[in-house]
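Comments concern the structure below.
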Amino acid sequence: MIANGLISSYDVTREILKMMLVRDRGQSKSAARRSRRTRFAILRSTCKTWKEIVDGFTDVLSHRDLIFAADQGYLESVRFLVSLPVKLHKNPFIELYSRYTHKKPSSLPTRDMFEALLAHPHLDPTEKDNWAITEAISNLHPDVVQVLLDHPRVDISADDNKIFREACDSLSRVESEMSRRINSNMFGRVARIIRMLLANPHVDPSAKNNEALRYALSGGGCSVIAALLADSRVDPSSRDNEAIRNASVTGDFATVEMLLADPRVDPSARNNEAIRYACAKGNLDIIRLLLAHSRVDPSAEDNEAIRRAPVVEAVEMLLADHRVDPSARNNEAIRNACARGGQVATVELLLTDPRVDPSANNNEAVITACSRRRHNIIKALLQDSRVDPSINNNKALRTAAERGNLLVVELLLDSPRVDPSVLSAYPDMAPSLEKALLVQLTTQQ
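As numbered in our numbering, residues 2 to 446 make up the sequence shown, in order.
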């Protein structure tokens, strides 16, 4: 007879129940695991006595069962398995993240689930150099981050705030990537995590001479940068104002704007490196911002800004500043513009300034433009009476002929100052050069 779930004795009942959990002959391992889990659940739910007996079968439950329960969202099952506790073969956090990294965040185990897993006495949340919290941060799972921050074994300040520094790097890069996709929900997760980390009393955002800010600036994540700049412990002027110097080079307008709003930042650091490099890169919006700042001097380093500026809009802004001299270093600005061969408009703009002499350095501008086949620039220079294309015994024409640059030869022959007779030394250029010479001679007649 059956009484209170017992067939004849407690020991017999225990053995019979355990036999029901043994793998059936011919079953595959995966099928056996599924069958055992189902039977285990049925036996536990039959009656209180059977539940107490079955709960003692710790040897029939495994790490796989724990992962399965967490994967399916069976919170009570996870708590039960952790309480036994089942033997762990690897960190369950690593296993769960490997399953969910590429899924929607909503499909991840809940905060309660992670808390239940953390209760396992053999689980080390700092394993593999704090892999768990690092992964939770980079995958934008704020609830998991908070659970781990609250765990007594997780030291967020370890290794000179390494977790926080790397978090600013990964969060900033993730945010920058998301800005191309316009995902407002994910932006909120980034902001929430960075605020959470900064609110932790053990975090020092200025560690390693404000490395976290440098990482964030490198990544380009605006909300991460803004959160750091809003923290009084962070010094944006560290390393001789490296932050604004680098942001001016990379063209990060939003970052430069935020940095300029901070009175500690000096945009003129290192002899106005920010404006000099911004002009060299053609970062127009940043140039405009910097020129409006009272501490910035665009004429620094002997007017390097205009000497290196490749974009006509940048040159135009610089010429509007009375401190800038476009003739500095023997008119290097126009000589460089002709050598670069970029926008002919830059050369044309410089030619309108009375301080600029396009014949400087023995007419280097036109000679260089001819040797590099800058056709439109050659045309612009030849229209200026100060330019002498016949300098050095018609060097420009001779060089063009030697290199077979017919179009350059034709452009030069259009100038009455060029001596076409020098082409007689280059018979290999016929008949094209002879035709060009004939046109020139006819025009002169």
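Don't be surprised by glycine CBs; every beta carbon is placed ideally from N, CA and C. This one's a predicted model, so the numbers in the text were calculated from it and none came from an experiment.
- Query: Does DSSP put Thr111 in a helix, a strand or coil?
  - Reply: coil
- Message: Let's see if you can read the secondary structure: which residues bound the alpha helix (DSSP H) around Ser78?
- Response: 76 to 84
- Take the Cβ of Ser420 as the centre, count every other Cβ of all protein chains shown within 10 Å, and call the residue buried at 16 or more, exposed below. At residue 420 the sequence reads Asp, which differs from the Ser that was named. Looking at its Cβ environment, which holds fewer than 16 other Cβ atoms inside 10 Å, Asp420 is exposed.
- Message: Can you tell me whether Asp354 is helix, strand or coil according to DSSP?
- Response: coil
- For Lys396, the first and last residue of its enclosing alpha helix (DSSP H): Start and end: 392 to 403.
- Neighbourhood of Asn162 by C-beta, 8 Å cutoff - its chain only, sequence neighbours within 5 removed: Val204, Asp205, Pro206, Ala208, Lys209, Ala213
- Using beta-carbon positions only, say whether Arg418 and Ser391 come within less than 8 Å of one another. yes
- Message: Using a 10 Å radius around the Cβ and a threshold of 16 neighbouring Cβ atoms, would you call Met2 buried or exposed?
- Response: Because the pLDDT of Met2 is 44, which lies under 50, any placement of that residue in the model is unreliable, and the number read from its coordinates should be weighed accordingly. Met2 should be labelled exposed.
- Query: What's the call for Ala426, buried or exposed, on a 16-neighbour Cβ count within 10 Å?
  - Reply: exposed
- Could you tell me if Leu320 is buried or exposed, where buried requires 16 or more neighbouring beta carbons within 10 angstroms of its beta carbon? With 16 or more neighbouring CB atoms inside 10 Å of its own CB, Leu320 falls in the buried class.
- Message: Just verifying my parser: in three-state terms, what is the DSSP assignment at Gly220?
- Response: helix
- Query: Looking at C-alpha atoms only, which residue of Glu365, Cys371, Asp326 is the closest neighbour of Pro355?
  - Reply: Asp326
- Message: Could you compute how far the alpha carbon of Val388 sits from the alpha carbon of Val257?
- Response: 41 Å
- Message: Closest to Arg65 by C-alpha separation, out of Asn363, Asp130, Val348, Pro86, would be which residue?
- Response: Pro86
- Query: Where do the ends of the alpha helix (DSSP H) carrying Ala361 lie?
  - Reply: 361 to 372
- Minimum C-alpha distance to Val313 - residue among Arg196, Asn331, Leu352, His323: Leu352
- Query: Once you ignore the five residues that flank Ala71 on each side, which residues in its own chain have a CB closer than 7 Å to its CB?
  - Reply: Val79, Pro93, Leu97, Pro110, Met114, Leu118
- Measuring CB to CB, does Gly221 end up less than 8 Å from Asp263? no
- Query: On the premise that Pro143 lies in contact with Arg190, defined as a C-beta separation below 8 Å, what is that separation, rounded to the nearest angstrom?
  - Reply: 6 Å
- Just confirm the distance between the C-beta atoms of Ile194 and Leu141, as a whole number of angstroms; I'd bet it's less than 8 Å. 7 Å
- Taking the C-alpha atoms as reference points, what is the distance between Arg166 and Thr400? 57 Å
- Message: Please state whether the Cβ-Cβ distance between Ala275 and Leu291 is less than 8 Å.
- Response: yes
- Query: Helix or strand or just coil, what does DSSP make of Ile157?
  - Reply: Of the three classes helix, strand and coil, the one that applies to Ile157 here is coil, per DSSP.
- Extent of the continuous alpha helix (DSSP H) to which Lys129 belongs: 128 to 139
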